[in-house]
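Read in order, the letters of the sequence shown are residues -23 to -1, 1 to 981 in mature numbering (1 follows the signal peptide of the UniProt record, and there is no 0). Virtual Cβ for every residue (Gly too), placed ideally from N, Cα, C. A quick note: this is a predicted structure, and the numbers were derived from the prediction, not measured. Heads up, the thing below is written out as structure tokens.
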Amino acid sequence: MKKIQFRCFLLPIIVCILSVVRSNGDVSNRVTTCGYESCPELKKDMLNVHLVPHTHDDVGWLKTVDQYYYGSHTRIQKAGVQYILDSVIQSLLRDPSRRFIYVESAFFFKWWKEQTPQLQDAVRNLVNQGRLEFIGGAWSMNDEATTHYQSIIDQFAWGLKLLNDTFGECGRPRIGWQIDPFGHSREQASIFAQMGFDGCFFGRLDYQDKNSRLNGKNAEMIWKTSANLPDSDLFTGVLFNVYQPPPGFCFDVLCPDEPFIDDPESAENNVDRKIDYFLMYVKKQAKHYRTYNIVLTMGGDFTYMDANIYFKNMDKLIKYANARQTNGSNVHVFYSTPSCYLKALNDADITWPTKSDDFFPYASDPYTYWTGYFTSRPTLKRFERVGNHFLQICKQLTALTPRKDKHSISRLNLLREAMGVMQHHDAVTGTEKQHVADDYSRMLSHAINSCVENTKTSFQHLVGANATFEFESCPLLNISKCEITENKSSFFVTLYNPLAHSTNQYVRLPVPGKMYIIKDILGREIPGQIVPVAQSVRKLYYRFSRASHELVFLASGIPPLGYKSYFVTRTAENVDESPQNSQTNLQLNQEEVTIGNKFLNISFDSNGFLSSITTDGVVHHLRQNFVYYEGASGNNIIFKNRSSGAYIFRPNGTDHAVTNKVHLTIFRGSIVQEVHQTFNEWISQVVRVYAEENHVELEWMVGPIPVEDEIGKEIVSKFYTAAHSNGVFWTDSNGREMMKRKRNHRDTWEVHLEEPIAGNYYPVTAKIALEDENIRLAVLNDRAQGGSSMQDGSLELMVHRRLLYDDAFGVGEALDEKAFGTGVIARGKHFVVFGSKKTSSPTLEARERFLQNLVHLPSWMFLSDATGLKFEDWQTQFNDMHSALSSSLPPNVNLLTLEPWKENSILVRFEHILEKNEDPSYSKPVQFKLQDFFGSFNIEEIRETTLDGNQWKEDSNSFHFKVESNYMPQQSPESVSQTQRSDGYEIVLEPMQIRTFIVQLRIA
């Protein structure tokens, strides 16, 4: 009822204000332009203080997305985003001098849909005047450590598209605003540069780095965001006070600070005292920056629920601070935005320092390294990666369906938005409360299930008019469970390949102990192998499945951007009688065991540990084991008593081996050879070598982590080699360019580590590697994890953590995840690539890049019940193989995106997947004609955009800043200049380049 009364009261005020503005030509004519043209005038030879009113609205953290939006559950946190936006708009309309920035598109468009047309017009007017400015503009303010670049780009593209569609050019953000993520990646900055942003500001960096930068006036810099891409420089600024206002100047219902009391007759009058302190503070801040401009962030977490309080006091702050100019003050205070502040820095025309590494890891004090969240909630991290996988499938299949109605687009948008939420810096990070993590999973599960309808519709269209099959997914394959394969005597498997290359993939189907016949579309019988499901999986007490085995076969030649089907029939024989059965050997740990293929062999010692690998006839030391760190526990009152928690990794000493003896079971067959390892009652692993693959697959399962001893534990898979790595290793940046790391070292300052283990941990989104002049080891992972090299020749990846104490950064809960009444169990995969550095093309690095694509986006498996259907009818009546492309793209080109965009148009992104010096052949620039591969698309026009798809490439013109003389920027190669060609739309890609195009299709 109060909400209805408020809106009835608000509307007349807005209408009245608008009528005044329109009738008084002075105001509307004075501020009619958005962007840099709307910025306030600066005062020469004065310290210009840019007040930036803002709110930081987490898209879930202590409360769920909806709880935050509607303002419920105030016992957890007093925060209601709908009231923030209501109140801010009212305050802006009351005074044309006021400004405000907003970031989270997820919340804004939830609010926007509820507004009347009149209020929407009022908001458009504010945007067109530059007084309401969108900053960042993505669906959420994403994390930068645990996110994959494909998901980052997707959620920016979606948020920016809605802003563009709603507000036009005036709604387009120009600035990145990453004020709260816990460390910052170079790839994120590169994405900003490729989207045409002029700069980025953030709040969190290592405390030693920040002190060094402030003391040297280097807190604002030009970030060289890529070792490969030209024109990738990005102005980057570190905010002085993270994103909070100066002490004593938080004017919000959530803040205890005194308001301005300016009645000259009042005994409480505090104007002089507050202005004295304010002027002292801004002059102190100004000493650390290079120009006569500084920025003050006036806001915080969920501030401005009553915006009148904040704005009324900022009005007084501006009034009384500027009044001091008559007494000689050189401080000029005014409402501004980050883009106006950046324009002022650009106009200053001075030189800036440069940076080329990243801002990981982040430490807020000597004992507090925010490196635990790289691994926290490993099952949620994996679910997010699965969500991205299915989003790409759903986008492609929706785009390939000729007739798309509003329902199919709505279902796709639901998944786009759920994945956008998942990128939030308190979502995929695992740094939220448990009930919020549960809600993220619920939201993503619902969105995936909704988009499944799109894939079914698309397949029924592609397979044929008579197709009535259900194309079902099996979401519980991670515990070897699938209803169709377990219970149906005949079914067909449809593998959809989202990559633009023909691929081969090993298929694993959970089945009861029977024999199977597998046929391809030509009627050829495909060899299969029956492998027992690991005992540790079969023992899961919440797993109810008939499947005791898995049927394994090689699906070859799955067409690019297409599918291929296989028909599977169960016979009467039991598995023990089947020639498909794997040879079993129970190993008593008394002798060495070896499995392998034509490419490599791996051996296990008499204690059951992986001990060596043989490649090219040479035996190399390669050992793998699981170890754990004990999580430190304390009261968090002082730095030294910090606990290991959801954010923080703080081990209490060195690692401990989980066992000195591993039980083995070996299964050998013509398709796959496996060693099933049991380390203890809560850690097991399957080590696989497939016949046609030149890498080793390790499928680990960890949990429930025991805590009966009241000690939290952080579990690590550790690899040991004989490489002389000299403290150097590499980790990926959001899945793209590799970053060189060196133990106990930072590139830009002399680091001192009170926490030598946590302080050497880095985010690993896709790959970690080390090498010497002879050998190289790389480990690829299927979700974000923390990793390091704590000794020369060794790599480690943290796979799971269970802790009993909160680390006192707001969550208020220990990271003690439970499922089915006990500690959660996580299962996942590592892919090991090992070999000689002297390998010619393709080099190991190139092989890793190709494998990385297959790990990230393997073919998606759909199952259909074929009961009562004869193979011959399936073969002849339906289209069992299809490709949307004429042929495969070059192997070093990835079709990153194909999705429906606007009416009769699709958006496509192509990327070169190698860096400059990774391979003598595949690292070269590559060119191809679009029509050679997309011949089935009736293309009318192709036009290039910035990376995000929301500005034409030719219209993008970012700021250029002068840099210090010791820096030489890369030059743009001439071969990148093609945008449109009439001779087949020729596209050129340089190493690591991504190019985005809007393809307009002719109406049939």
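By the three-class DSSP mapping on this structure, what secondary structure does Val741 have?
For Val741, the secondary structure class from DSSP, reduced to helix, strand or coil, is strand.
List in chain order: all unbroken alpha helix (DSSP H) runs of 4+ residues lying wholly within the segment 817 to 845.
Uninterrupted alpha helix (DSSP H) stretches at least 4 residues long and entirely within the segment 817 to 845 occur at 821 to 833, given in chain order.
In angstroms, rounded to a whole number, what distance separates the CA positions of Ile129 and Leu140?
Spanning the two alpha carbons is a distance of roughly 17 Å.
Assuming Gly500 and Gln852 are in contact, meaning their beta carbons sit under 8 Å apart, how far apart are those beta carbons, in whole angstroms?
Contact check for Gly500 and Gln852: beta-carbon distance about 6 Å, within the 8 Å limit, so the pair qualifies.
Note down, in chain order, each residue of its chain lying with its Cβ closer than 7 Å to the Cβ of Glu732, except the 5 sequence neighbours on either side.
If the five residues before and after Glu732 are omitted, its C-beta is found closer than 7 Å to the C-beta atoms of Tyr344, Tyr346 and Arg627, all from its own chain and listed in chain order.
Assuming the contact rule is C-beta atoms closer than 8 Å, Ser865 and Ser479 should be a hit. Round their C-beta distance to whole Å, please.
With 8 Å as the limit, Ser865 and Ser479 qualify as a contact, their Cβ atoms being about 5 Å apart.
How close, in whole Å, do the beta carbons of Pro118 and Pro158 come, if the pair is a contact with beta carbons under 8 Å?
What sits at residue 118 in the sequence shown is Met, not Pro. Yes, they are in contact, since the Cβ atoms of Met118 and Pro158 sit about 7 Å apart, within 8 Å.
Measure the beta-carbon distance from Phe367 to Ala122 and round it to whole angstroms, keeping in mind my assumption that it falls under 8 Å.
Taking a contact as a CB-CB distance under 8 Å, the pair Phe367 and Ala122 does not count as one, their CB atoms being some 23 Å apart.
Going by beta-carbon coordinates alone, are Phe448 and Tyr543 separated by less than 8 Å?
No, these two residues do not count as a Cβ contact at 8 Å.
Note down, in chain order, each residue of its chain lying with its Cβ closer than 6 Å to the Cβ of Leu39, except the 5 sequence neighbours on either side.
Result list for Leu39: Ile53, Gln54 and Lys410, in chain order.
Check whether the segment 455 to 466 touches the segment 814 to 834, counting contact only when three or more Cβ pairs, one atom from each stretch, lie closer than 8 Å.
At 8 Å Cβ cutoff, the stretches do not touch.
Roughly how many angstroms lie between the CA atoms of Ile971 and Arg190, to the nearest whole one?
Ile971 and Arg190: Cα-Cα distance of roughly 32 Å.
From Gly798, His384, Gly160 and Ser316, residue whose alpha carbon lies closest to that of Ile78:
For the options Gly798, His384, Gly160 and Ser316, the alpha carbon positioned closest to that of Ile78 is the one of Ser316.
Considering only DSSP beta bridges, list what Trp200 is partnered with.
Answer by DSSP bridge pairing, in chain order: Leu211 and Lys332.
In whole angstroms, what separates the C-alpha of Phe848 from that of Met858?
The straight-line gap from Cα to Cα measures roughly 15 Å.
Return the residue from the list Val679, Glu569 and Met678 that minimises the CA-CA distance to Ile643.
With distances taken between Cα atoms, Ile643 lies closest to Glu569.
Could you check how far apart the C-beta atoms of Lys37 and Asp403 are, in whole angstroms? I think they sit under 8 Å.
Lys is not the amino acid found at residue 37; the sequence shown has Gly there. With 8 Å as the limit, Gly37 and Asp403 qualify as a contact, their Cβ atoms being about 6 Å apart.
In angstroms with no decimal places, state the Cα-to-Cα distance between Phe868 and Phe827.
Sequence check: residue 868 is Pro here, not Phe. Each residue's alpha carbon lies about 8 Å from the other.
Can you tell me whether Trp154 is buried or exposed, with buried defined as 16 or more other CB within 10 angstroms of its CB?
With at least 16 other beta carbons inside 10 angstroms of its own, Trp154 counts as buried.
Using 8 Å as the Cβ pair cut-off and three pairs as the minimum, do the segment 872 to 890 and the segment 495 to 510 touch?
No: the two stretches stay apart, fewer than three of their Cβ pairs being nearer than 8 Å.
As assigned by DSSP and simplified to three states, the class of Ser539
A small fix is needed here, since residue 539 is Gly in this sequence, not Ser. Gly539: strand per DSSP, three-state reduction.
Cα-Cα, which of Thr280, Asp283, Ile252 and Gly800 is closest to Ser306?
Comparing Cα-Cα distances from Ser306 to each of Thr280, Asp283, Ile252 and Gly800, the minimum goes to Ile252.
Which partner residues does Arg76 have in the DSSP bridge list?
None, per the DSSP bridge assignment.
Going by DSSP, what residue range makes up the beta strand (DSSP E) through Pro509?
If you look at Pro509, you'll find it in the beta strand (DSSP E) that goes Gly505 to Pro509.
Pull the bridge partners of Tyr254 from the DSSP assignment, please.
None, per the DSSP bridge assignment.
Quick one: measure Cβ to Cβ for Asp229 and Tyr281, integer angstroms, because I've assumed they're closer than 8 Å.
With 8 Å as the limit, Asp229 and Tyr281 qualify as a contact, their Cβ atoms being about 7 Å apart.
Own chain, CB closer than 7 Å to Arg388, minus 5 neighbours either side, in chain order
Hits under 7 Å: Ser427, Cys428, Glu430 and Asn431.
In the DSSP assignment, find the beta strand (DSSP E) that holds Glu967 and state where it starts and stops.
Where Glu967 is concerned, there is no enclosing beta strand (DSSP E), given that its DSSP letter is neither H nor E.
Would Ile752 pass as a contact of Ala823 if the rule is Cβ separation under 8 Å?
Not closer than 8 Å, so no.
Under the three-state reduction of DSSP, which class applies to Leu924: helix, strand or coil?
In the structure shown, the three-state DSSP call for Leu924 is coil.
For a quick check, are the C-beta atoms of Arg723 and Thr708 less than 8 Å apart?
Cβ distance not < 8 Å, so Arg723 and Thr708 don't count as in contact.
Mapping the DSSP letters down to three states, classify Tyr624 as helix, strand or coil.
The three-state reading of DSSP puts Tyr624 in coil, since its state is none of H, G, I, E or B.
Could you spell out where the alpha helix (DSSP H) holding Val100 opens and where it closes?
From DSSP, the alpha helix (DSSP H) with Val100 extends over Pro94 to Asn105.
In whole angstroms, give me the CA-to-CA distance for Cys147 and His438.
Taking the straight line joining both Cα atoms gives about 41 Å.
Just to confirm my understanding: we take Asn618, look at its own chain, exclude 5 residues before and 5 after, and list those with CB closer than 7 Å. What are they?
Counting only residues of its own chain and dropping the five nearest sequence neighbours on each side, Asn618 has a CB closer than 7 Å to the CB of Gly611 and Asn612.
Contact between the segment 584 to 595 and the segment 678 to 685 (3+ Cβ pairs under 8 Å):
No, the segment 584 to 595 does not touch the segment 678 to 685.
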